[in-house]
Each structure stands twice: as structure tokens, then as C-alpha cells.
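Novice: When we follow my numbering, the leftmost residue of the sequence shown carries the number 553, and every step to the right adds one.
Note that the Cβ used here is the ideal one computed from N, Cα and C, for glycine as well.
The structure under discussion is supplied below as C-alpha cells; questions concerning it will follow.
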Amino acid sequence: MNSSYFPSDVKQRVERLLSACAGKNLGSYSGGPGIMAVREDIANFIQRRDGYPSDPHNIFLCNGASDGLKTVIKLLMNNNPKKPSGI
Numbered sequence: 553m554n555s556s557y558f559p560s561d562v563k564q565r566v567e568r569l570l571s572a573c574a575g576k577n578l579g580s581y582s583g584g585p586g587i588m589a590v591r592e593d594i595a596n597f598i599q600r601r602d603g604y605p606s607d608p609h610n611i612f613l614c615n616g617a618s619d620g621l622k623t624v625i626k627l628l629m630n631n632n633p634k635k636p637s638g639i
């Protein structure tokens, strides 16, 4: 971060993202839905692009579309006939 190779705005963004990580470093695990700072940036982008208010608490980051669909399908599946689905 002390290198003059990277522009100051890049360093500021990196510092912001690192401070949003649980352990304040790249080796930290993020929460299930993803790093809140990234989800806030996505919500702001959606609002600017589409003019539609977006809540970062309703954004869930995943490892691609297939992984996201698999997660949603698992959520909707009812593998226990004695208990109703949570939806």
C-alpha cells in the first residue's frame, strides 16, 4: 500500500474493502451473503442504473449463476415431508 505504483484512489478503495472484511485482511472469511461494503456498492449501482431503490440486505453474493440457483433451489426444496417448507 505504500508503493507509488498504485494511484491513490485505488489504494483508498482497497483500504475500504479490507476494513469491511471481518479480520481486516484478505485471508478473512466473509459472511454468507458477502461483504457488506460490496453489497452496498451493488445496491447503489442498481439504484443509479435502474432508478430503483435497492437494499444491500436483500443482496446475496454467490459464486456464479449456477451456484446461486442451486442455493435457491435447496432453499425451496422440502426434503422432510413432516415439516412444511420455510417459504
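Can you list, in chain order, the stretches of the beta strand (DSSP E) that have 3 or more residues and sit fully within the stretch 561–631?
Specialist: With a minimum length of 3 residues, no continuous beta strand (DSSP E) run stays inside the stretch 561–631.
Novice: How big is the Cα-Cα spacing for Ser-560 and Lys-626?
Specialist: If you take the alpha carbons of Ser-560 and Lys-626, they lie about 43 Å apart.
Novice: So, are the CB atoms of Pro-605 and Arg-591 less than 9 Å apart?
Specialist: Cβ atoms of Pro-605 and Arg-591: not closer than 9 Å.
Novice: Inspect the beta-carbon positions of Pro-585 and Leu-621 and report whether they are closer than 9 Å.
Specialist: No; because the gap between Cβ atoms is not below 9 Å, this pair is not in contact.
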